[in-house]
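**Q** Protein chains in written order, with the numbering used here: chain A, 1 to 338; chain Y, 339 to 644; chain X, 645 to 1050. Just so you know, even glycine gets a beta-carbon here, dropped at the ideal spot from N, CA and C.
(1) For a cutoff of 7 Å on Cβ pairs, would you count residue 819 of chain X as touching chain A?
(2) Tell me where the alpha helix (DSSP H) around residue 896 of chain X begins and ends.
(3) In the structure shown, what three-state DSSP assignment does residue 1044 of chain X receive?
(4) By the three-class DSSP mapping on this structure, what secondary structure does residue 787 of chain X have?
(5) Do you know offhand how far residue 184 of chain A's Cα is from residue 176 of chain A's?
(6) Quick one: using the 10 Å Cβ neighbour count with 16 as the cut-off for buried, is residue 551 of chain Y buried or exposed?
(7) Determine the DSSP secondary structure at residue 745 of chain X, reduced to helix, strand or coil.
(8) What are the residues that DSSP puts in a beta bridge with residue 773 of chain X?
(9) Shorter than 7 Å from the beta carbon of residue 621 of chain Y to some beta carbon of chain A?
(10) Which partner residues does residue 1023 of chain X have in the DSSP bridge list?
(11) Just list the alpha helix (DSSP H) runs in the region 410-473 of chain Y, keeping only unbroken ones of 4 residues or longer that don't cross its boundaries, in chain order.
(12) How big is the Cα-Cα spacing for residue 198 of chain A and residue 187 of chain A?
(13) Leaving out five residues before and five after residue 996 of chain X in sequence, what residues of the same chain have Cβ atoms less than 7 Å from its Cβ?
(14) For residue 572 of chain Y, which residues in chain X fall below 9 Å Cβ to Cβ?
(15) What residues from chain Y crowd round residue 881 of chain X, counting only those whose CB sits closer than 7 Å?
(16) Looking only at C-alpha atoms, which of X:1014, X:971 and X:994 sits nearest to residue 986 of chain X?
(17) Quick one: is residue 49 of chain A near chain Y, going by C-beta distance under 7 Å?
(18) Taking residue 544 of chain Y as the query, report the chain A residues whose CB atoms sit under 7 Å from its CB, ordered along the chain.
(19) Among the residues of its own chain, which have a CB less than 6 Å from the CB of residue 324 of chain A, if the five just before and after it don't count?
(20) Step through the CB atoms of chain A and report whether any lies within less than 7 Å of the CB of residue 450 of chain Y.
(21) Can you list, in chain order, the residues of its chain whose CB lies under 8 Å from that of residue 371 of chain Y, leaving out five sequence neighbours each side?
(22) Please check the pair residue 800 of chain X and residue 783 of chain X, which I expect to be a contact at CB under 8 Å, by giving their CB distance rounded to whole angstroms.
(23) Reducing DSSP to helix, strand and coil, say where residue 867 of chain X ends up.
(24) So, with DSSP's three-state summary, where would you put residue 818 of chain X?
(25) Would you list the residues sitting across from residue 166 of chain A in a DSSP beta bridge?
(26) Between the beta-carbon of residue 745 of chain X and the beta-carbon of residue 704 of chain X, is there less than 7 Å?
(27) Which residues of chain Y have a Cβ atom closer than 8 Å to the Cβ of residue 265 of chain A, listed in chain order?
(28) Would residue 408 of chain Y and residue 905 of chain X be called neighbours here (beta carbons separated by less than 7 Å)?
(29) Taking 7 Å as the CB-CB limit, is residue 973 of chain X close to chain Y?
(30) Under 7 Å between C-beta atoms, does residue 344 of chain Y make it to chain A?
(31) Quick one: which chain A residues come within Cβ less than 8 Å of residue 1051 of chain X?
(32) So is residue 404 of chain Y buried or exposed if we call it buried at 16+ other beta carbons inside 10 Å?
(33) Does DSSP put residue 547 of chain Y in a helix, a strand or coil?
(34) Would you say residue 873 of chain X reaches chain Y, if we count a Cβ-Cβ gap shorter than 7 Å as a contact?
(35) Is it the case that the Cβ atoms of residue 886 of chain X and residue 871 of chain X are separated by a distance below 7 Å?
(36) So residue 723 of chain X is in the alpha helix (DSSP H); what residue range does that whole segment cover?
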């Protein structure tokens, strides 16, 4: 939570639209290959882990839109996952299918985002972060104190989603269902940077004053970013609940939100791919300790690794790639000159 | 019940002024939030970063003090002294090894890095001592007198006195002395301050030391009123943090007053609406207060722009 | 075993396309009742379940080994390990050594489920041997049910468990409804208070405790004030003020060790001294050692046989345990020990080493004596093996039993 709201140099992109740029074919191929890895190599357990990464990753992408793109900090993305998960759960309890559940998830997340965001988005990013923290605490309190509806502090078992014969109680199916959401949402998030909306968001992040001067209507743009982020969070939470078949308040508490923020920061907050890499890092870190046969070491070494990684890679994982890319470009340029 | 029935049929309580008792409880809790926040703000002054692990620095002091006292049998003042030294060492190490290495212009990075430290300190202390909750000596909690129907104990008085002196002292230091000016100057721009002859490194080390001592002090006092384990400082930290963010980390009295206010309001809310209403009452008030706060308070001018 | 029956590569691609369709608006409705929760499978003595080889039976569970619940988790694990060490030294069960694997669930439901999946799918454990902690264990329950893995005697007091809603979970620990009904019955037999209060962790724990007290009170004229608490309370004065204003003669405390200590200290600070009543966790010596001075005269539910009695079974257990580990057992060591004892008994009695045979074996428990829990009885449609608790009082640094566990 930084308190450094630094003036970044206004990016030229904000004034003149860049050439429309859909993700390169190579990017699509790489992502496709990564997504296919679990299908080919993994057993049930790793499939489950992969499905969890997809669910959290969708939520992290939402936070990346809000935080990385629009510069608004939220400590409630975990709570928005909870809004989605419990909205889906409540609708499913009344016997309604996945289509209606999805609508309810999107509706609930948007509505809650509007209620929280409309009166408070004018606040400075830090104070907004505190509002979201307070909202997350309230939401958790509500879950614990509404046992009849939500199962209360001991949580609730969630029926699997069954979509076209795919049953999310099987890890493979859960992965495929989550993938079917993750792919279009990722494309949407990638493409956002090329749209006017995306550029308006970046303008606000870089300088609100400059944004106003080029005609950005700040409240509308902020609220759209906030709602979009909440909807991503809600869908992620809904898919998470379908994958694990169980939801409980601690899944969506302050620490869940802080870890999602950590995922976005450690992946590199300026890039969608960063949100994915950060999520994978956070989810896979404990699994890594399992692999080396020291599953109970995670508690001790996990925090240290998180701090070290963040310190060594201040621009996140995506920053490393960007750095390598610029190195290559420079080397090529030198070759050309030679 | 035979021998288990140690009470009289009529329940007697020394306190006859429940409202006053509540206010006293809320004030002392609020002062503890404010003192922790003061440490937070001092660190923020020199580093412009928020240290999420700051409460755990205090935990290290109190938990190890408990260990030295209870398991090694050291006299309590010695044990607390060693705990305080450990807190200073840990806080300075976090400052020098970690916080000064956080590069500028990456919002959120300080949170993630110090979250990692938070988790690490928690796990280390659990490993070194244990995962149980322990009773800490009550530090004057058993020496009590009744004033106007309110039971006041030495622990409460100590917190009030310390609160006033420490907060007052820091205020005078920052606003009235050359040292304070140098501190502020080196916070604004370390390079310029250094070229003007200010020993920035020494100043920073002094700041980490002072903040570490403050964390240790608050943690020991909180432990003496509740219990000590590897986690107990987190709720205190969150409230101090919230007060700092609402009041503005670069102001002085506003955030501290808000911290004390949170303590009092929380006590009243629990009393009026019941214990489970404490959480929603505090957090709802935060949202509402920020939502209706006049524009001039929410304007970003008070936030740091480096 | 949890493999999707239809898996092919083509299916994977079809899946992506199909769910893509869903996104464009063609939503399908679910069939609703996803998994089959009935206990299934018939015991075929020749069949061998996962995790069973000619020389080894793998069992496992998750417990909090780090974080705020770690102390009890580690003690329970150690208790189980000690029992299995003893069994293995005596030649094991059905000619096989028992191998225990306990993973850290951080007292978190979601982590517990991941670790349980790891145990079942990767480590291939045969059955779940005990467990410790309610919210975390509950996180793994839907998964265990779906995959029909029997879980034997976890310590996870909850009204969700111990009934045919979750038929694969065999409970030997009572839930808080039964625990507080039992304790309150004892109090009402010996005293007639008119005002009692309950301070309990908000949510199911508090609600169940309240329900249990109410059940025992019935239509007697006793006022009950319920004050839900959120763990991490930093100032207990308001709660104490409510209690004193209500003039409660008995105060039930169903809180964490730390918060129990914090509240008792705050009561002490204003000189308020009702009779306090606590859940079973406070009968652990680590609690009495820490908070004994503010807990004198506190009534405590006894879930396991008291270790400080002269009872020969208890003395025997203490001697055996101390012999094996070099340390005297605590309540949670004892908890782990009895979990392993019940699991071992179920394996011994099983006609074959498959999961349906173990379930059949568990259902045949009839008054099984552990010397630690009350006699355990399960049946074809009964999952609550135990229906009462004892009562003890904290005196000095020990517990004196007022009503025995059996």
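**A** On the basis of the coordinates in this document:
(1) It does not; no Cβ of chain A falls within 7 Å.
(2) DSSP places residue 896 of chain X outside any alpha helix (DSSP H); the residue lies instead in the beta strand (DSSP E), whose first and last residues are 894-898.
(3) In the structure shown, residue 1044 of chain X falls within a strand segment according to DSSP collapsed to helix, strand and coil.
(4) The answer is helix: DSSP assigns residue 787 of chain X an H, G or I state.
(5) Answer to the nearest angstrom: the Cα atoms are 13 Å apart.
(6) Counting every other CB atom within 10 Å of its CB across the protein chains shown gives residue 551 of chain Y a total of 16 or more, marking it as buried.
(7) Collapsing the DSSP output to three states places residue 745 of chain X in a strand.
(8) According to DSSP, residue 773 of chain X bridges with X:796.
(9) Yes, because at least one Cβ of chain A sits closer than 7 Å to the Cβ of residue 621 of chain Y.
(10) DSSP, once it has assigned bridges, lists X:1026 as partnering residue 1023 of chain X.
(11) Counting whole runs of 4 or more residues, the region 410-473 of chain Y contains the alpha helix (DSSP H) stretches 414-431 and 447-466.
(12) Near 13 Å, if we compare the C-alpha coordinates of residue 187 of chain A and residue 198 of chain A.
(13) If we look at residue 996 of chain X and ignore the five residues flanking it on each side, its Cβ neighbours are 687, 688, 689, 690 and 691.
(14) Simply 876.
(15) Contacts between residue 881 of chain X and chain Y, judged by CB atoms closer than 7 Å, involve 359, 360, 363 and 605 in chain order.
(16) When only C-alpha atoms are compared, the closest one is X:1014.
(17) With a threshold of 7 Å between beta carbons, residue 49 of chain A makes no contact with chain Y.
(18) Listed by position along chain A, the residues whose Cβ is nearer than 7 Å to that of residue 544 of chain Y form an empty set, because the closest Cβ is around 21 Å away.
(19) Closer than 6 Å at the Cβ level, and outside the excluded window around residue 324 of chain A, lies no residue.
(20) Residue contact check for residue 450 of chain Y against chain A: a CB pair falls below 7 Å.
(21) Within the same chain, 574, 577, 578, 581, 597, 598, 600 and 601 come within 8 Å of residue 371 of chain Y by CB-CB distance, once the 5 residues on both sides are set aside.
(22) No, residue 800 of chain X and residue 783 of chain X are not in contact; Cβ-Cβ is about 10 Å, not under 8 Å.
(23) Strand, per DSSP.
(24) Note: residue 818 of chain X maps to coil in three-state DSSP.
(25) Answer is A:163.
(26) Contact annotation: residue 745 of chain X and residue 704 of chain X have beta-carbon atoms nearer than 7 Å.
(27) In chain order: 444, 446, 447, 449 and 450.
(28) Between residue 408 of chain Y and residue 905 of chain X, the C-beta spacing is not below 7 Å.
(29) It does not: the Cβ of residue 973 of chain X has no partner Cβ on chain Y nearer than 7 Å.
(30) Bear in mind that a pLDDT of 39 at residue 344 of chain Y, under 50, signals an unreliable position, so the model cannot answer this.
(31) Not covered by the structure: residue 1051 of chain X. The range shown for chain X is 645 to 1050.
(32) Label assigned to residue 404 of chain Y: buried.
(33) Residue 547 of chain Y falls in the helix class under three-state DSSP.
(34) It does; some Cβ of chain Y falls within 7 Å.
(35) For residue 886 of chain X and residue 871 of chain X, yes; Cβs fall inside 7 Å.
(36) Element bounds for residue 723 of chain X: 714-733.
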